[in-house]
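Visitor:
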Amino acid sequence: MLKDKAFITKLLTELYGGTGRNPSEIDTIRPLNGADWTSALSFMVIKKDGDFAFVTRCYIDSDNRYALRRELRDFHHPSMDKPVLPV
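Structure follows, in structure tokens:
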């Protein structure tokens, strides 16, 4: 079965809530590395505060909820990913 936008959004939102956080903190989920929701290899989950996490499609397709929850605990702030140049 192809996993579409509604399925993936619902799954990731529920699993995010399962990590002890409020699912309403999620602002958007975007497909990456693919043309659309059914072919994307990964997804970017963006919270309302701008922090983001990456989720791998193989864990969605294999229903590996443990790995998905682990990925949903690993959020980054955009400023953390900018290189720091020596002065």
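Read left to right, the sequence shown gives residues 35 to 121 (our numbering). For glycine and all other residues, C-beta sits at the position ideal for the given N, C-alpha and C.
Return helix, strand or coil for R64, following the three-state DSSP convention.
Guide: DSSP places R64 in strand when its eight states are reduced to three.
Visitor: Need the endpoints of the beta strand (DSSP E) that A87 sits in, please.
Guide: Looking at the DSSP string, the run of the beta strand (DSSP E) that includes A87 is 86 to 90.
Visitor: On the criterion of 16 or more Cβ atoms from any shown chain inside 10 Å, does Y100 qualify as buried, or is it exposed?
Guide: So Y100 counts as exposed.
Visitor: In this structure, how does DSSP classify S96 when only helix, strand and coil are distinguished?
Guide: DSSP places S96 in coil when its eight states are reduced to three.
Visitor: In the DSSP assignment, find the alpha helix (DSSP H) that holds K44 and state where it starts and stops.
Guide: Where K44 is concerned, the enclosing alpha helix (DSSP H) stretches over 39 to 51.
Visitor: Quick one: residues in its chain with C-beta nearer than 6 Å to the C-beta of G68, no 5 flanking neighbours on either side, listed in chain order?
Guide: So the qualifying residues of the chain are A74, L75.
Visitor: Should E59 and K82 be called a contact, given that it needs their Cβ atoms to be closer than 8 Å?
Guide: In this structure, K82 lies closer than 8 Å to E59 by Cβ.
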